[in-house]
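A.B. asks: A single structure is presented below for examination.
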Amino acid sequence: MVAVDLTVEIAGLKLKNPVITVSGTFGFGQEYAPYVDLSRLGAITVKGLTLLPRPGNPPPRLVETPAGILNAIGLQNPGVEYFAASILPYLSQFKIPVIVNMAGETVEEYAALAAKLSELNNIAALEVNISCPNVKKGGLQFGSDPTAAAEVTRAVKNNTCLPVIVKLSPNVTRIEIIAQAVAQAGADALSLINTVLGMAIDLKERRPILGNIFGGLSGPAIKPVAIRAVWQVFEEVSLPIIGMGGIFTAQDALEFIMAGAKAIAVGTANFINPRATIDILEGIENYLRENKIEKLSDLVGVAHYKT
Amino acid sequence: MVAVDLTVEIAGLKLKNPVITVSGTFGFGQEYAPYVDLSRLGAITVKGLTLLPRPGNPPPRLVETPAGILNAIGLQNPGVEYFAASILPYLSQFKIPVIVNMAGETVEEYAALAAKLSELNNIAALEVNISCPNVKKGGLQFGSDPTAAAEVTRAVKNNTCLPVIVKLSPNVTRIEIIAQAVAQAGADALSLINTVLGMAIDLKERRPILGNIFGGLSGPAIKPVAIRAVWQVFEEVSLPIIGMGGIFTAQDALEFIMAGAKAIAVGTANFINPRATIDILEGIENYLRENKIEKLSDLVGVAHYKT
Amino acid sequence: MASYNTVKITRQEEIAPGFYFLSFKSPFLVHQAQPGQFVYFRCSNTYDPLLPRPFSIAMVNEEKNEAAVLYQVVGRGTALLAQKKELDYLNVLGPLGRGFTLPPLGQPFQPKCCPKGLEQLKNFPQFFLRIAVVAGGVGIAPLFFLLQRLKDLPDLIIEILIGARSTKQLLLKPEIKNLSPQINLHLATDDGSCGYHGPVTEMLSTLLGADKIDLVYACGPKAMLKTVAKLLAEYNLPGEVSLEKQMGCGVGACLSCVCKTKGDKENSFRYSRVCKEGPVFPAQEIIWED
Amino acid sequence: MASYNTVKITRQEEIAPGFYFLSFKSPFLVHQAQPGQFVYFRCSNTYDPLLPRPFSIAMVNEEKNEAAVLYQVVGRGTALLAQKKELDYLNVLGPLGRGFTLPPLGQPFQPKCCPKGLEQLKNFPQFFLRIAVVAGGVGIAPLFFLLQRLKDLPDLIIEILIGARSTKQLLLKPEIKNLSPQINLHLATDDGSCGYHGPVTEMLSTLLGADKIDLVYACGPKAMLKTVAKLLAEYNLPGEVSLEKQMGCGVGACLSCVCKTKGDKENSFRYSRVCKEGPVFPAQEIIWED
Ligand SMILES: Cc1cc2nc3c(=O)[nH]c(=O)nc-3n(C[C@H](O)[C@H](O)[C@H](O)COP(=O)(O)OP(=O)(O)OC[C@H]3O[C@@H](n4cnc5c(N)ncnc54)[C@H](O)[C@@H]3O)c2cc1C
Ligand SMILES: Cc1cc2nc3c(=O)[nH]c(=O)nc-3n(C[C@H](O)[C@H](O)[C@H](O)COP(=O)(O)OP(=O)(O)OC[C@H]3O[C@@H](n4cnc5c(N)ncnc54)[C@H](O)[C@@H]3O)c2cc1C
Ligand SMILES: Cc1cc2nc3c(=O)[nH]c(=O)nc-3n(C[C@H](O)[C@H](O)[C@H](O)COP(=O)(O)O)c2cc1C
Ligand SMILES: Cc1cc2nc3c(=O)[nH]c(=O)nc-3n(C[C@H](O)[C@H](O)[C@H](O)COP(=O)(O)O)c2cc1C
Ligand code: FES
Ligand code: FES
Chain A
8 MVAVDLTVEI AGLKLKNPVI TVSGTFGFGQ EYAPYVDLSR LGAITVKGLT LLPRPGNPPP
68 RLVETPAGIL NAIGLQNPGV EYFAASILPY LSQFKIPVIV NMAGETVEEY AALAAKLSEL
128 NNIAALEVNI SCPNVKKGGL QFGSDPTAAA EVTRAVKNNT CLPVIVKLSP NVTRIEIIAQ
188 AVAQAGADAL SLINTVLGMA IDLKERRPIL GNIFGGLSGP AIKPVAIRAV WQVFEEVSLP
248 IIGMGGIFTA QDALEFIMAG AKAIAVGTAN FINPRATIDI LEGIENYLRE NKIEKLSDLV
308 GVAHYKT
Chain B
8 MVAVDLTVEI AGLKLKNPVI TVSGTFGFGQ EYAPYVDLSR LGAITVKGLT LLPRPGNPPP
68 RLVETPAGIL NAIGLQNPGV EYFAASILPY LSQFKIPVIV NMAGETVEEY AALAAKLSEL
128 NNIAALEVNI SCPNVKKGGL QFGSDPTAAA EVTRAVKNNT CLPVIVKLSP NVTRIEIIAQ
188 AVAQAGADAL SLINTVLGMA IDLKERRPIL GNIFGGLSGP AIKPVAIRAV WQVFEEVSLP
248 IIGMGGIFTA QDALEFIMAG AKAIAVGTAN FINPRATIDI LEGIENYLRE NKIEKLSDLV
308 GVAHYKT
Chain C
55 MASYNTVKIT RQEEIAPGFY FLSFKSPFLV HQAQPGQFVY FRCSNTYDPL LPRPFSIAMV
115 NEEKNEAAVL YQVVGRGTAL LAQKKELDYL NVLGPLGRGF TLPPLGQPFQ PKCCPKGLEQ
175 LKNFPQFFLR IAVVAGGVGI APLFFLLQRL KDLPDLIIEI LIGARSTKQL LLKPEIKNLS
235 PQINLHLATD DGSCGYHGPV TEMLSTLLGA DKIDLVYACG PKAMLKTVAK LLAEYNLPGE
295 VSLEKQMGCG VGACLSCVCK TKGDKENSFR YSRVCKEGPV FPAQEIIWED
Chain D
55 MASYNTVKIT RQEEIAPGFY FLSFKSPFLV HQAQPGQFVY FRCSNTYDPL LPRPFSIAMV
115 NEEKNEAAVL YQVVGRGTAL LAQKKELDYL NVLGPLGRGF TLPPLGQPFQ PKCCPKGLEQ
175 LKNFPQFFLR IAVVAGGVGI APLFFLLQRL KDLPDLIIEI LIGARSTKQL LLKPEIKNLS
235 PQINLHLATD DGSCGYHGPV TEMLSTLLGA DKIDLVYACG PKAMLKTVAK LLAEYNLPGE
295 VSLEKQMGCG VGACLSCVCK TKGDKENSFR YSRVCKEGPV FPAQEIIWED
């Protein structure tokens, strides 16, 4: 078998392959460790962290929709201190880059969290979540306004030496404008996309199903939206892109890569197939081999050059 | 069997039931006449019309996605004159309200088209499409900016005595802001939602599948997004809402109604079941009967009052 | 690495209108599964319905190397499952979650999770721990597997209380009778067509009132479990209940399936994962409001 | 009102690796369908895959009241279809679209759509219209039904040219031979494993060059049809081709399935619906660029 080059460099961060887990569907890795050899992943992104522990939203927190799910977890997490003490040491054993997804209600909170995280060892990058649709304060509020998005980005950048990945929301009129704003504010890379704002009604109860009323749509249903976002941002901004949103197969992943993503992340797919990340990784490798493509990077954005 | 009251009034327009067809999936009615007794529908919305005939976008124009389709028809239509001469007389025989979906590249074009249409008999209302993602000029450009949206609305209002329904796009940061703007500009009702901007990549060709690169996502995949939009607008704006986006069953329709839609429209579902409109109509009627609800209007927006 | 196992269906039978008993070969489950644990089934090979569906393990058969579930057709996933036939294959993940705590052999029962267990049990008879197993509808599923294990334990008296809408929905009656003479069967129906006419919890209340029970296991509709928990609190008895929640990952990673449980000094409550800390919880741990 | 018909499958057979022949009871289709028309099948009962799939009607059997399609498994819809078994039910809409124009009996052929038809045919022999039917791969499907109809017409000489990748993909060979002695069968394979070694269009080119053909019907991959159209233009002969496009509604309402066709004085081209104006078009009407 010919070796193919799957390595990816994102914001100075070297990944041995492009397959990452999205934040929030893979916990802190532990729960999937019986199913996946975590050391084979390109990187792992952990559940959204906040400065202090958060209880999360009242249930129901999840509802299935056609080819998708709506979730409204509300950033339940044990807080940065617990993470540093009890989770990071566990994750370090796998010797893969750990990307920490971080959220806050104020710019100051993002800054403080960035500073805290930067004191820790074994964190490879920060993913700044300014796109969570499931929290009352912060989240989407920052992600849907270029000025606020830039401000958060700057605050994080000023408080860390780690590469800063900003995660954007598709719930905006022009995602490329937000992307430009955070690029100018110093972001090193972009994650596209967070969930699409949605909701569902309980016919029996005649009220919204989710405890939080609104939820974020993920899964195959949003794949066309995510690919579109990657395409638009790739055309306007030169930062490396981590593509996500409905990636279930290697074919899906390759669509994102051809649209402009340097790496891809797998979320909802893990629920249906705990081995999804590995299956996708192997599928990408096979595709390259079968099509005699030596380097994955040769595929990044190719779809733009053929039109 | 107890009679239930399915009548709906939207912007002065009386419908005998809430089931309408969306624009663009039902042609001008003719093609579905062998499958559906058109006279049973609450109303019919015809394919988007422009002042002059338009050839539409180059194919491929449609691609299937998980639980949805992406289309990029590009407003192919025979123009208003042909419509007036050859289509409207045909539609009149069914004695149901005909809603004309209209689009333009400039505010002046919308105005002129509104004026032309208002000279015709047998048109019940105008649906102003400021949300088509598949045309280079006009369309979404108007629908994603409150000022532009208001301007188009005003131009149409100033040139017609017909009720004016404005059809909004979900591809905006805050749909309720656009809704407010067009409400203030005189809109009589709102149609929610047009398609969600998306795209797909052809892995073999390594380029976008659709001739237009981007397309509009419709079908069950977008139902959660559409219900969310109806909910948000219902909370902020008091205009009657026609809900649409992935309605395939009576249950889907009832979700929209409980979220705040006075009437609902069926699009992509017709492709899978040409009788979808009638099945939905009968399903709604049965639901009311079984739950001993005398008037459909008692259900409109109920989900808001229970939270 | 663990993963979905492709198992062969050995029996798929509609044992009552809308209720199916499905067994399949799985030496792994037979040896690993504990009563109260569940499996995650992929009911479809397409993206709709998307998520796997959770079902309690209702039975294991060591001789045949089979495990089984008992399920009710309520929606699209279960309808698709019901279309599968003997010899068809099925993708199964599991066993998942935390099951029932079995009473330790030969010594007074002390559920781990109920610190006051021993004290509460001070009145129990010298040799026999008296257990009530309370099932509502299809809630019998995990409890049947529990009974399979309890019946082999010495020094127990087992009262099984089953409630259903009507005679037809009283599931696994003959199988339970065959399990062991040690088990006393009490039936209740909402329409009075069989056994006690009324909710099964009223029968439980009577037994508790007569001081005949030391420990309760229950599974069924939420309203029933809530009543069970209230009764247990009233009589200051330990018990465990098995909950249901819409799940995402099924393995504890996504925090979708939480229920409100009692907190600590710092927090008045915390959200516990039904798929990981549950589906079986000590009745007194649950905060039932939501 | 017309609608989806639920029909019973009478035969589902893998006649070559990956190619299935599926017949079903449908008196309606038997009486209404024209060669070149298609049916729309719902391959799934869920939302994924969402759209029905179009298949040409490959055969009708009047005695048995059956119609049939011949399909290749290429993706999820066809894979699901292949899982259906005899006696299973299927939802079918059709017949849809515009089929092949049959040569009118006893008089010179003049396709409606080819204004120059008569003139172009000036050289055809006194009594016999010489027809070439050109199939690529699974494109044989509508053409077999066409042959069923052509064989009953007097005064025709029919050359059927079938191309495929390899012997195995040469479909319906025996059935065609059985149809009528009037039909001459010519085979071509890409790998030379059977018949002519090369594209089927080269065989057509030879026949046309030898002035042996007056009219051509073709169905197959786009590249093949494009070549057929080029040859017809070169020899100034009429012909019809059956096209494929991704469809939405299948009934002409959504304008998804268009192909570029020749325009009029005002427009250099127009977009025609494959599901309504097609799938069969006069070869010279198509603008092949896209
Ligand atoms: C740990 C666990 C163990 C279980 N064990 C069993 C078992 O042994 N046997 C068994 O039969 N079932 C069991 N269940 C329930 C079972 O998982 C569901 O019945 C099944 O997933 C339903 O799938 P479906 O696709 O058929 O229904 P869906 O189509 O998903 O929905 C079914 C119906 O239930 C209603 N519904 C679904 N979710 C909600 C909600 N959140 N609120 C209100 N109504 C809702 C809907 O209205 C719908 O009509 C268990 C659940 C859990 C969590
Ligand atoms: C009028 C008409 C008649 C037809 N008659 C027949 C027939 O008689 N027999 C028959 O076998 N087929 C016929 N077809 C084709 C048939 O409809 C398709 O093969 C079928 O719909 C594929 O469905 P699927 O779900 O299996 O494949 P999908 O999963 O939808 O896709 C199949 C494969 O084809 C590729 N593909 C799909 N669409 C495109 C595209 N636009 N561009 C490039 N690649 C694409 C994909 O890569 C995929 O691997 C006909 C089509 C039309 C329009
Ligand atoms: C249950 C769940 C929890 C999530 N939690 C987070 C989170 O904490 N932080 C974040 O940035 N995104 C979160 N997301 C969004 C995902 O990271 C991802 O952007 C989205 O799900 C799209 O990818 P997918 O379709 O592959 O799941 C969550 C998604 C789900 C389904
Ligand atoms: C093929 C197609 C063509 C459409 N054409 C139009 C149009 O001309 N004007 C318009 O306002 N919306 C158009 N739409 C959008 C629909 O009217 C509708 O808003 C959308 O499809 C969501 O509804 P659905 O999911 O039920 O299809 C079109 C949609 C489709 C699928
Ligand atoms: S289902 Fe994911 S944590 Fe329980
Ligand atoms: S598929 Fe809708 S017009 Fe042809």
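Chains as they are written, first to last, in the numbering used here: chain A, 8 to 314; chain B, 8 to 314; chain C, 55 to 344; chain D, 55 to 344. We put the beta carbon where it would ideally sit given N, CA and C, even for glycine.
(1) Just tell me which of B:Y117, B:L204 and B:G308 has its CA closest to the CA of A156 of chain B.
(2) Does any C-beta atom of chain A lie closer than 8 Å to the C-beta of L135 of chain C?
(3) Mark P179 of chain D as exposed unless 16 or more other C-beta atoms lie within 10 angstroms of its C-beta, in which case mark it buried.
(4) Taking only beta carbons into account, state which residues of the segment 227-259 of chain C come closer than 9 Å to chain B, listed in chain order.
(5) Exposed or buried, what is G246 of chain D when buried is set at 16 or more other beta-carbons lying within 10 Å of its beta-carbon?
(6) How many Å lie between V254 of chain C and A218 of chain C at the Cα?
(7) Is the beta carbon of R161 of chain A less than 8 Å from the beta carbon of G193 of chain A?
(8) For a quick check, are the C-beta atoms of G190 of chain D and P103 of chain D less than 8 Å apart?
(9) What does the alpha-carbon distance come out to for the pair R96 of chain D and F278 of chain B?
(10) May I ask you to check if the CB of A112 of chain D is nearer than 7 Å to at least one heavy atom of ligand 2?
(11) Tell me the residue span of the beta strand (DSSP E) that contains P336 of chain C.
(12) Note down the Cα distance separating V305 of chain C from T260 of chain C, rounded to an integer number of angstroms.
(13) Between D:R152, D:F73 and D:E120, which lies nearest to P336 of chain D when the distance is taken from Cα to Cα?
(14) Could you pull the start and end residues of the beta strand (DSSP E) that M301 of chain D belongs to?
(15) So M251 of chain A is in the beta strand (DSSP E); what residue range does that whole segment cover?
(16) How is the beta strand (DSSP E) around A131 of chain A delimited, first residue to last?
(17) Are there 16 or more other CB atoms within 10 angstroms of the CB of L141 of chain C, so buried, or fewer, so exposed?
(18) Just the Cα atoms here: how many angstroms apart are L204 of chain C and A272 of chain C?
(19) Run the proximity test for A307 of chain D: is its beta-carbon closer than 7 Å to any non-hydrogen atom belonging to ligand 6?
(20) Counting only beta-carbon atoms, is A74 of chain B nearer than 8 Å to chain C?
(21) At a cut-off of 7 Å, is L82 of chain A close to ligand 3 when judged by its beta-carbon and the heavy atoms of the ligand?
(22) Beta carbon of S151 of chain A, beta carbon of K174 of chain A: below 8 Å?
(23) Would you report the Cα separation of Y294 of chain A and A270 of chain A, rounded to the nearest angstrom?
(24) Looking only at C-alpha atoms, which of C:P71, C:L286 and C:L224 sits nearest to R266 of chain C?
(25) Could you work out which residue in D:Q86, D:I194, D:S98 and D:T155 is closest to M425 of chain D when comparing CA atoms only?
(26) Residues in the same chain with beta-carbon distance under 7 Å from F149 of chain B, minus the five sequence neighbours each way, listed in chain order, please.
(27) Spatial neighbours of V84 of chain C within its chain, please: C-beta separation below 8 Å, excluding the five flanking residues on both sides.
(28) In the DSSP assignment, find the unbroken alpha helix (DSSP H) run with I264 of chain B in it and report its ends.
(29) Hey, how far is the Cα of G308 of chain B from the Cα of L13 of chain B?
(30) Smallest Cα separation from I254 of chain A: which of A:F241, A:I291, A:E242 and A:M206?
(31) Since K316 of chain C sits in a beta bridge, which residues does DSSP pair it with?
(32) Would you tell me roughly how many angstroms separate the C-alpha atoms of K23 of chain B and G81 of chain B, rounded to the nearest one?
(33) Let me make sure I understand the geometry here. Which of C:T221, C:K280, C:F182 and C:P235 has the alpha-carbon closest to that of L201 of chain C?
(34) Step through the CB atoms of chain A and report whether any lies within less than 8 Å of the CB of D102 of chain D.
(35) Within its chain, find whatever has a CB closer than 6 Å to the CB of G146 of chain B; leave out the 5 residues flanking it on each side and keep chain order.
(36) Relative to ligand 5, is the shortest distance from any of its heavy atoms to the C-beta of V328 of chain C smaller than 7 Å?
C.D. replies: Straight from the coordinates:
(1) Here residue 156 of chain B refers to the residue found at position 149 of the second sequence. For the residues B:Y117, B:L204 and B:G308, the minimum Cα distance to A156 of chain B belongs to B:Y117.
(2) Along the third sequence, read from residue 1 onward, the residue named residue 135 of chain C stands at position 81. False, the Cβ-Cβ gap to chain A never drops below 8 Å.
(3) Counting from one through the fourth sequence, the residue named residue 179 of chain D turns up at place 125. With a pLDDT of 49 at P179 of chain D, under the threshold of 50, the modelled position of this residue cannot be trusted, and the question is left open.
(4) none
(5) Here residue 246 of chain D refers to the residue found at position 192 of the fourth sequence. Result: exposed.
(6) Along the third sequence, read from residue 1 onward, the residue named residue 254 of chain C stands at position 200. Along the third sequence, read from residue 1 onward, the residue named residue 218 of chain C stands at position 164. Rounded to whole angstroms, V254 of chain C to A218 of chain C spans 8 Å at the Cα level.
(7) What you label residue 161 of chain A is simply residue 154 of the first sequence in a count that begins at 1. What you label residue 193 of chain A is simply residue 186 of the first sequence in a count that begins at 1. Against a cut-off of 8 Å, the Cβ pair of G193 of chain A and R161 of chain A comes out as a contact.
(8) Numbered from its first residue, the fourth sequence carries residue 190 of chain D at position 136. Numbered from its first residue, the fourth sequence carries residue 103 of chain D at position 49. It is not a contact, given that the beta carbons lie outside the stated cut-off.
(9) Your numbering for residue 96 of chain D matches position 42 in the fourth sequence. Your numbering for residue 278 of chain B matches position 271 in the second sequence. Spanning the two alpha carbons is a distance of roughly 10 Å.
(10) Numbered from its first residue, the fourth sequence carries residue 112 of chain D at position 58. Yes, since a heavy atom of ligand 2 falls inside the 7 Å radius drawn around the Cβ of A112 of chain D.
(11) Taking the third sequence and counting its residues from 1, one reaches residue 336 of chain C at position 282. Where P336 of chain C is concerned, the enclosing beta strand (DSSP E) stretches over V334 to P336.
(12) For the purposes of this step, residue 305 of chain C is taken as residue 251 along the third sequence, with counting starting at 1. For the purposes of this step, residue 260 of chain C is taken as residue 206 along the third sequence, with counting starting at 1. Using only the alpha carbons, I get a separation of about 38 Å.
(13) Here the question's residue 336 of chain D lines up with position 282 in the fourth sequence. It is D:R152.
(14) Locating residue 301 of chain D in the fourth sequence gives position 247, where the first residue counts as 1. Where M301 of chain D is concerned, there is no enclosing beta strand (DSSP E), given that its DSSP letter is neither H nor E.
(15) Your numbering for residue 251 of chain A matches position 244 in the first sequence. Where M251 of chain A is concerned, the enclosing beta strand (DSSP E) stretches over I248 to M251.
(16) Reading the first sequence from its first residue, position 124 is the one you call residue 131 of chain A. A131 of chain A -> no beta strand (DSSP E), and no H or E assigned at all.
(17) Position 87 of the third sequence, counted from the start, is the residue given in the question as residue 141 of chain C. With fewer than 16 other Cβ atoms within 10 Å, it is exposed.
(18) In the third sequence, residue 204 of chain C corresponds to position 150, counting from 1. In the third sequence, residue 272 of chain C corresponds to position 218, counting from 1. C-alpha separation (whole angstroms): 14 Å.
(19) The residue you call residue 307 of chain D lines up with position 253 of the fourth sequence. Result yes, Cβ under 7 Å from ligand 6.
(20) On the second sequence, position 67 is the one that residue 74 of chain B refers to. A74 of chain B counts as touching chain C.
(21) On the first sequence, residue 82 of chain A is found 75 positions in, with the first residue counted as 1. Yes, Cβ of L82 of chain A sits closer than 7 Å to a heavy atom of ligand 3.
(22) Reading the first sequence from its first residue, position 144 is the one you call residue 151 of chain A. Reading the first sequence from its first residue, position 167 is the one you call residue 174 of chain A. No. Outside cutoff.
(23) As a position in the first sequence, residue 294 of chain A is number 287, starting the count at 1. As a position in the first sequence, residue 270 of chain A is number 263, starting the count at 1. So the two alpha carbons sit approximately 16 Å from each other.
(24) As a working note, residue 266 of chain C is residue 212 in the third sequence. The residue you asked about is not Arg; residue 266 of chain C is Lys in the sequence shown. For K266 of chain C, the nearest C-alpha among the options comes from C:L286.
(25) Because chain D in this structure spans residues 55 to 344, residue 425 of chain D falls outside the shown range and cannot be described.
(26) Taking the first residue of the second sequence as position 1, residue 149 of chain B is located at position 142. Closer than 7 Å at the Cβ level, and outside the excluded window around F149 of chain B, lie I137, A155, A156 and V159.
(27) Taking the first residue of the third sequence as 1, we reach residue 84 of chain C at position 30. So the qualifying residues of the chain are V114, N115, E116, N119, E120 and A121.
(28) The residue labelled residue 264 of chain B in the question sits at position 257 within the second sequence. Here the alpha helix (DSSP H) through I264 of chain B covers A257 to A266.
(29) Position 301 of the second sequence, counted from the start, is the residue given in the question as residue 308 of chain B. Position 6 of the second sequence, counted from the start, is the residue given in the question as residue 13 of chain B. C-alpha separation (whole angstroms): 15 Å.
(30) Residue 254 of chain A sits at position 247 when you count from the first residue of the first sequence. Nearest option by C-alpha distance: A:I291.
(31) Along the third sequence, one-based indexing puts residue 316 of chain C at 262. C:F323.
(32) Taking the second sequence and counting its residues from 1, the one referred to as residue 23 of chain B is at position 16. Taking the second sequence and counting its residues from 1, the one referred to as residue 81 of chain B is at position 74. Spanning the two alpha carbons is a distance of roughly 32 Å.
(33) Here the question's residue 201 of chain C lines up with position 147 in the third sequence. Taking only the C-alpha atoms, the option nearest L201 of chain C is C:P235.
(34) The residue labelled residue 102 of chain D in the question sits at position 48 within the fourth sequence. By this cut-off, D102 of chain D is an interface position.
(35) Locating residue 146 of chain B in the second sequence gives position 139, counting from the first residue. Same-chain partners within the cutoff: C139.
(36) The count along the third sequence starts at 1 and reaches residue 328 of chain C at position 274. Yes, the beta carbon of V328 of chain C sits closer than 7 Å to at least one heavy atom of ligand 5.
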